[in-house]
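Protein chains: 2
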Amino acid sequence: MKVEKDDRLILLTNDDGLYAEGLNTLTQLMQEYGKVVVISTIESRSGMSQALTVKMPIRVKLLKETDTKRVYACSGTPTDGVKIAVNQLLERKPDWVVSGINHGANASVSVIYSGTMAAAIEGCLYGIDSVGFSLNDYSSKADFNASKKYVREIMNKLGNNKLPQGICLNVNIPSCTDSDIRGIRICRQARGNWREEFEKRKDPMGKTYYWLTGIFQNHEPDSTDTDEWALQNNYVSVVPVSIDMTAHSYIDDLRKQFNLYTLK
Amino acid sequence: MKVEKDDRLILLTNDDGLYAEGLNTLTQLMQEYGKVVVISTIESRSGMSQALTVKMPIRVKLLKETDTKRVYACSGTPTDGVKIAVNQLLERKPDWVVSGINHGANASVSVIYSGTMAAAIEGCLYGIDSVGFSLNDYSSKADFNASKKYVREIMNKLGNNKLPQGICLNVNIPSCTDSDIRGIRICRQARGNWREEFEKRKDPMGKTYYWLTGIFQNHEPDSTDTDEWALQNNYVSVVPVSIDMTAHSYIDDLRKQFNLYTLK
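As they're listed, the protein sequences go chains D and R.
FYI, the numbering for the first sequence is 1 to 264, going by our numbering.
FYI, the numbering for the second sequence is 1001 to 1264, going by our numbering.
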């Protein structure tokens, strides 16, 4: 693959592994928009958040190359993959980092745990326009047909407009047919959390171990401007995500509480 | 250890492992404030961010118990540790989740990669007052003497005031002597990123592998209201961190760009 000056260069990744249907769907789609470099682990690495591989070296292998795409297997996390692609593998800084299509939603606080969104956030940290796509269906056989239409629609709406510095997009697509999807909504992240219910088991040696499971709890089910509400009501949700985690509105109160009224 | 109704119950963790001096310092200190439950991996697990263990079961072992503390080893990430403690190990929801004292700063965007802050964020997601402490010294022999004073000062200032829902604190302490520390500043997260410089090596079989290294780059070194500036100028920085990652200020612009002026 040759990347010409006028080509859009798109870095693709996700955390469901290189054989996942969601990543394959996105790989096909993104070739309509530019030259594509895919980097991902062979197997899935879900729930890795922004984790970095610091105690182990990282391996990368070029698996496949055509005129319009290149595919790398990477032993690291989704974040590692974006970092190593941008730093070591790509001929230049990509125009987009696109992550997904994830098998499973990443709405509400799942944005914090998600490897899909971590990859988009990592792109954003490099100053690259970045978006993560997720389908609200965990099945490996999930149907991505309706997703294709909305990925295209969102990429077309974004066009050549740069996203503001420090902001990337979290897109969640409901798991219903195209005709049942009611449109796109720009949303905020719903307040909620996972009620973790660990399953406690005994191993063959009689020792206890735990499996993480969990049920999502929406703390504001009646708020119609959230991503959770959109998804539950068959809308595609688009949340602009900031890499600045400062609670700006609380800074003044905290200064008062600390008796620190002025900054010297 | 018996947790009485009036006891403050404090859950302690970090990602440097159970033998780290920073965690031990915090464990001693926090017994001045209540009954303490410590949970951590034996070995360090840095850079894990909010990662969850989903493909492996989690093991927990009670290592030690006195009248004022209980110490668990947990095979999972810092986030797993908080989850399993709150769900399975503690007699009730703790009053505080306190993480640290980390060997190494977690200012600016490091908040996104940090296991220390992930544990605090996890506490916050459960609606528990949470704070992460980090010392700007990566050494395993770092000197935590000045840190003690500031951990106490911050815990005392917070007192029994609840933090607002969805906000936890990221505290970074400069690595200098107490007399050189100029005070506490309430800050915002500095804009910056890590310039990753991977080290490319050959293994004994002649195959390439990469080690992640990295140099932090402050994009706004002259802004005096950031955590990076505070730390570089010998102040203790306190940043209120929000678990809502929505870029609220960009929602309206994005609606216009998508021709979605109204929400039905």
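C-beta: ideal position from N, C-alpha, C; glycine also.
Just so we're clear, the structure is a prediction, and the values are computed from it rather than from any experiment.
Nearest CA to the CA of Leu9 (chain D): which residue from D:Val151, D:Val38 and D:Ile121? D:Val38
For Asn1172 (chain R), write down the residues that DSSP places opposite it in a beta bridge. R:Ser1134 and R:Ser1237
Ordered along the chain, which non-local residues of its own chain (more than five positions away) have a Cβ less than 8 Å from that of Ser44 (chain D)? Asp15, Asp16, Gly17 and Ala20
Using a Cβ-Cβ cut-off of less than 7 Å, give me the residues of the region 1025-1048 of chain R that come near chain D, in sequence order. Answer in chain order: Ser1046, Gly1047 and Met1048.
At what residue ranges does the region 1158-1224 of chain R contain a whole run of the beta strand (DSSP E), taking only runs of 3 or more? 1167-1173, 1184-1186, 1192-1195, 1199-1202, 1208-1211 and 1215-1218
Could you list which residues in chain R have their beta carbon closer than 7 Å to that of Asp244 (chain D), in chain order? Gln1189
At the 8 Å Cβ level, is Ile251 (chain D) part of the contact set with chain R, yes or no? Interface residue, yes.
Do you know offhand how far Lys61 (chain D)'s Cα is from Asp80 (chain D)'s? Approximately 14 Å between the Cα atoms of the pair.
8 Å Cβ cutoff met for Trp1211 (chain R) and Arg1195 (chain R): Not a contact, by the Cβ cut-off of 8 Å.
Interface positions of the region 207-227 of chain D facing chain R (Cβ-Cβ less than 7 Å), listed along the chain: Tyr209, Tyr210, Trp211, Leu212, Thr224 and Asp225
For Asn1102 (chain R), the residue or residues it bridges with in DSSP: R:Ser1134
Is there at least one Cβ from chain D nearer than 8 Å to Lys1083 (chain R)'s Cβ? Chain D, which has a Cβ nearer than 8 Å to the Cβ of Lys1083 (chain R), makes this yes.
Compare the C-beta of Val239 (chain D) with all C-beta atoms of chain R and state if any pair is closer than 8 Å. yes
Under 7 Å by beta carbon: chain D residues contacting Lys1157 (chain R): The contacting residues are Gln257 and Phe258.
Straight-line gap, Leu158 (chain D) to Lys5 (chain D) (C-alpha atoms, nearest Å): Across the structure, Leu158 (chain D) and Lys5 (chain D) are spaced so that their CA atoms are roughly 21 Å apart.
Answer yes or no: do Leu1012 (chain R) and Met1030 (chain R) have a C-beta to C-beta separation smaller than 8 Å? yes
Paired residues, beta bridge with Cys74 (chain D) - DSSP: D:Val60
Of the residues R:Cys1074, R:Gln1028 and R:Lys1083, the one placed nearest Thr1066 (chain R), counting alpha carbons only: The residue with the shortest Cα to Cα distance from Thr1066 (chain R) is R:Gln1028.
List the residues of chain D that Glu1196 (chain R) touches, going by C-beta distances under 7 Å, in chain order. Lys83 and Asn87
For Leu1012 (chain R), does the three-state DSSP call read helix, strand or coil? Reduced to three states, the DSSP call for Leu1012 (chain R) is strand.
Rounded distance between the beta-carbons of Met1245 (chain R) and Met48 (chain D), thought under 8 Å: Wrong, their Cβ atoms sit about 17 Å apart, outside the cutoff.
When you compare the CB of Lys186 (chain D) with every CB in chain R, is at least one pair closer than 8 Å? Looking at the sequence provided, one finds Ile at residue 186 (chain D) rather than Lys. By this cut-off, Ile186 (chain D) is an interface position.
Listing by chain order, which chain R residues have their CB less than 8 Å from the CB of Thr53 (chain D)? Gly1047 and Leu1212
Closest residue to Ser179 (chain D) among D:Val54, D:Lys149, D:Leu135 and D:Ile243 (Cα-Cα distance): D:Lys149
Since Asn1193 (chain R) meets chain D, which of its residues come closer than 7 Å, beta carbon to beta carbon? Close partners of Asn1193 (chain R) in chain D (Cβ separation under 7 Å): Leu125 and Tyr126.
Give, in chain order, every residue of the region 1100-1124 of chain R whose Cβ lies closer than 8 Å to some Cβ of chain D. Val1109, Val1111, Ile1112, Tyr1113, Ala1118 and Ile1121
Chain D partners of Asn1161 (chain R), CB-CB under 7 Å? Chain D residues near Asn1161 (chain R): Gln257.
Starting from the beta carbon of Ile60 (chain D), find every residue of chain R whose beta carbon is closer than 8 Å, and list them in chain order. It is Val, not Ile, that sits at residue 60 (chain D) in the sequence shown. Within 8 Å Cβ-Cβ: Thr1208 and Tyr1210.
Can you give me the C-alpha to C-alpha distance between Asp1095 (chain R) and Ile1058 (chain R), rounded to a whole angstrom? 24 Å
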